[in-house]
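Each remark here refers to the structure printed beneath this line.
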Amino acid sequence: MRLAVLTLLRTPRVRRTICPWTALTPHTRVPVGSQLHPVLVPPHGLSAFHTHAPCSANKGKASKGGKADKPSKAMKEFMEDVLSDGEDDEDEPSQATVNEILDAQSSPAAHFLARHQQNAGKHHPDTAKGRNKAKSGHTLTMTYQSMRHILDIDQYWTDLDHVVGQLQKYYLQNFSLRSATAVDELLVDLEGDQFPLKEVASISKKDPKRIVIDCQAFPQAAVTIIKVLQTSGLNLNPQQEGLRIYVPMPKITREHREQLADGAKKKQKDFVEDLRQVYRQYTITLGELELKHKVTNDEHKVIGDVLLQILHHFMGESEKVMHVKVREILGK
223 MRLAVLTLLR TPRVRRTICP WTALTPHTRV PVGSQLHPVL VPPHGLSAFH THAPCSANKG
283 KASKGGKADK PSKAMKEFME DVLSDGEDDE DEPSQATVNE ILDAQSSPAA HFLARHQQNA
343 GKHHPDTAKG RNKAKSGHTL TMTYQSMRHI LDIDQYWTDL DHVVGQLQKY YLQNFSLRSA
403 TAVDELLVDL EGDQFPLKEV ASISKKDPKR IVIDCQAFPQ AAVTIIKVLQ TSGLNLNPQQ
463 EGLRIYVPMP KITREHREQL ADGAKKKQKD FVEDLRQVYR QYTITLGELE LKHKVTNDEH
523 KVIGDVLLQI LHHFMGESEK VMHVKVREIL GK
């Protein structure tokens, strides 16, 4: 049965009749046991197929111009099964290819590049009109997979994302209207490491107008704690008496809110500079690869543009974080 059907499908006249939308090759396989069973009928009825559910035969004759009638739904499903069966057994992707596909599906950088390229294509005047070449000549295009073989785009994304995360953490610890609570999380340098203030000293909040910090556990940290409180951005004015530090709690006035908001804006600019520093490190690495002839000049330009676009993305994200904090501080 399989041989008969395969022989029938390879007949040029039959291919034109039953499958005008595709071309069958000698390598096409017919699935055995499929729900679709071809019925071997005389040449004038070759377009009739049936499944377990009855399906009417295509009784119409060829239209003018010698074109065959539109294939039935059952026939299309059958032919799709025939073609897909052959594809399943051939060109099996390697494990490395599968891993790359899975990595791309889970990579934020890959998704960003896909959106960026799609938007660039929509807004580029030449691309919008269907032209693939710019006025200056051919433009090199690179896929995410080809880029990551040259430079670790995902690690670059992670490094920039970490900077924005640090900005959020800094705002949480240092720019809060609830000063007494925020003091607990201020980071203090001690013996080459950083610890929250609540782990370095004992903090008393019995008096709502001030907090008392006892540094007896780590006396050497008292000077550092004073500096941390003064530079915290919480508008604190600590006073030291021996190993105790008294910190009056400022009233939450309009002026105090504006001072905190200004401090949040300035701190965001500091973190933007950190983002630029990460960008510079990767561009230096990319330049070194070109000097070693491991990338071409065109590849250098394309990947350099991608690095810049990702930098701009995270600069925008840092601005969003800053605006959210400023609105929170000002009560808007």
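Numbering-wise (my numbering), the sequence shown opens with residue 223 and increments by one.
For each residue, glycine too, the CB sits at the ideal point set by N, CA and C.
(1) I need the DSSP call for Ser368, collapsed to helix, strand or coil.
(2) Figure out for me which residue from Gly485, Gln442, Asp436, Thr365 has the closest Cα to the Cα of Glu463.
(3) Could you check whether the segment 486-500 touches the segment 463-477, counting it as contact only if at least three pairs of C-beta atoms, one from each stretch, sit closer than 8 Å?
(4) Under 8 Å by Cβ, that's how I've got Lys420 and Asp406 pegged, so tell me the actual separation to the nearest angstrom.
(5) In whole angstroms, give me the CA-to-CA distance for Tyr392 and His515.
(6) Let me make sure I understand the geometry here. Which of Leu529, Gln416, Gln490 has the alpha-carbon closest to that of Thr507?
(7) Taking DSSP's pairing of strands, which residues face Pro470 in a bridge?
(8) Have a look at His534 and Leu482 and give me their C-alpha separation to the nearest angstrom.
(9) So the candidates are Leu373, Pro330, Lys449; which of them puts its Cα closest to the Cα of Leu511?
(10) Near Val604, which residues of its chain fall below 6 Å by C-beta distance, leaving aside the five closest residues on each side in sequence?
(11) Which of the three DSSP states, helix, strand or coil, is assigned to Val517?
(12) Which value, in whole angstroms, describes the spacing of the CA atoms of His545 and Arg466?
(13) Would you check if the distance between the CB atom of Ala331 and the CB atom of Asp381 is smaller than 9 Å?
(14) By DSSP, does Gln531 sit in helix, in strand, or in coil?
(15) Here's the rule I'm using: 16 or more other beta-carbon atoms within 10 Å means buried, otherwise exposed. How should Thr244 be labelled?
(16) Rounding to the nearest angstrom, what Cα-Cα distance links Asp520 and Met537 in this structure?
(17) Output the distance between the C-alpha atoms of Glu541 and Leu458, rounded to the nearest integer angstrom.
(18) Among all the DSSP beta bridges, which residues are the ones paired with Leu412?
(19) Answer with buried or exposed for Leu552, where buried requires no fewer than 16 other C-beta atoms within 10 angstroms of its C-beta.
Once the coordinates are examined:
(1) helix
(2) Asp436
(3) No, because fewer than three Cβ pairs between the segment 486-500 and the segment 463-477 fall closer than 8 Å, the two stretches do not touch.
(4) 4 Å
(5) 42 Å
(6) Leu529
(7) Arg432
(8) Cα to Cα, the separation comes out at about 26 Å.
(9) Leu373
(10) Nothing about residue 604 can be read from this structure; the chain reaches only from 223 to 554.
(11) coil
(12) 37 Å
(13) No, the pair does not count as a contact, with Cβ atoms beyond the cut-off.
(14) Reduced to three states, the DSSP call for Gln531 is helix.
(15) The pLDDT assigned to Thr244 is 43, lower than 50, so where the model puts this residue is not dependable, and the model offers no usable value.
(16) The straight-line gap from Cα to Cα measures roughly 26 Å.
(17) 26 Å
(18) Asp415
(19) exposed
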